[in-house]
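See below for the structure under consideration.
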Amino acid sequence: MMIVWILSLELAELLEENNMSFELSEAKKQIAEMQKAIDGFGRSL
Numbered sequence: 018m019m020i021v022w023i024l025s026l027e028l029a030e031l032l033e034e035n036n037m038s039f040e041l042s043e044a045k046k047q048i049a050e051m052q053k054a055i056d057g058f059g060r061s062l
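If you count the sequence shown from 1, you need to add 17 to reach our numbering.
Right, here's the structure in full:
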């Protein structure tokens, strides 16, 4: 779980450095969806 979050943060930072605001917002949406999926999976255990 933590590994996914760290990779997502690094991806967001990379996009931010390249000043791709649209791609960054899309990445943030995907990260939020991943977190929801991870949370749901964690609750089902």
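Ideal Cβ placement from N, Cα and C applies to all residues, glycine included.
Computed from a predicted structure; not experimentally measured.
Nearest candidate by alpha-carbon position, reference residue i, set the options
| i | options | result |
| --- | --- | --- |
| A44 | E30, G59 and R60 | E30 |
| V21 | S61, L32 and E50 | E50 |
| I23 | I48, S42 and G59 | I48 |
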